[in-house]
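*Asks:* In the numbering used here, the protein residues as written are 138 to 293.
Here it is as structure tokens:
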């Protein structure tokens with residue numbers, strides 16, 4: 138993965154991050170969720186929501202390959218990973234692993250004792266492979282559409 142570059146994302150990156158998020162839902166997460174669930178999930182993340190997230194306590198990191206966004210993650214000082222999405226063309230190439238290592242490093246530097254996240258059905262095997270345990274299964278209601286995710290954690 139030496140051709141990958143990790144950098145901190147800024148608000149000017151919101152359009153490409155939002156586009157990657159939407160595309161990943163439609164091309165990757167669709168394996169585990171219905172079209173109705175994907176639509177509800179995608180509508181929840183409009184540009185204003187991305188701006189709110191960037192203005193909050195999350196640090197967004199991007200992985201770029203050949204100048205193109207390959208994936209992104211966001212984490213706060215408490216070790217909460219809010220998001221991690223990888224371009225469908227870059228799946229299973231180490232992008233998410235590199236982003237997870239970066240999130241873990243940032244959290245450790247801030248004194249976090251564990252990483253936590255709400256993880257999709259799709260992402261659960263990845264997180265389990267990297268030492269996360271399921272704390273509980275969640276039923277989430279987004280605009281009347283019900284879907285499942287998992288609260289997971291990893292002690293640092």
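Just so it is clear, CB atoms sit at the ideal spot from N, CA and C, and this is done for glycine as well. Predicted model, so just to flag it, every value in this text is computed and none were measured.
Suppose only complete runs of 3+ residues qualify. What are the beta strand (DSSP E) ranges in the segment 149 to 220, listed by chain order?
*Replies:* Those beta strand (DSSP E) runs which fall completely within the segment 149 to 220 and span 3+ residues are 196 to 202, 205 to 212.
*Asks:* Is it a yes or a no for the segment 160 to 168 touching the segment 218 to 231, going by three-plus beta-carbon pairs under 8 Å?
*Replies:* yes
*Asks:* If we ignore side chains and look at the alpha-carbon of each, how far apart do residue 168 and residue 212 end up?
*Replies:* Against the chain shown, residue 168 aligns to sequence position 31. Against the chain shown, residue 212 aligns to sequence position 75. Roughly 26 Å between the two C-alpha positions.
*Asks:* Taking DSSP as the reference, what is the three-state secondary structure of residue 138?
*Replies:* Here residue 138 refers to the residue found at position 1 when the chain shown is read from its first residue. In this prediction, residue 138 scores a pLDDT of 46, lower than 50, which makes its location untrustworthy; the coordinate-derived value is nonetheless stated afterwards. Looking at residue 138 - three-state DSSP - the assignment turns out to be coil, as it is neither helix nor strand.
*Asks:* Using a Cβ-Cβ cut-off of 7 Å (strictly less than) and excluding sequence neighbours within five positions of residue 177, which residues of its own chain qualify?
*Replies:* To locate residue 177, count along the chain shown from 1; it is residue 40. Result list for residue 177: 279, 280, 282, in chain order.
*Asks:* Checking contacts by CB at 8 Å: is residue 202 closer than that to chain C?
*Replies:* No chain C is part of this structure, which consists of one protein chain only.
*Asks:* Taking residue 255 as part of the beta strand (DSSP E), name the residues at either end of that continuous run.
*Replies:* For the purposes of this step, residue 255 is taken as the residue at position 118 of the chain shown. Its beta strand (DSSP E) spans residues 251 to 257.
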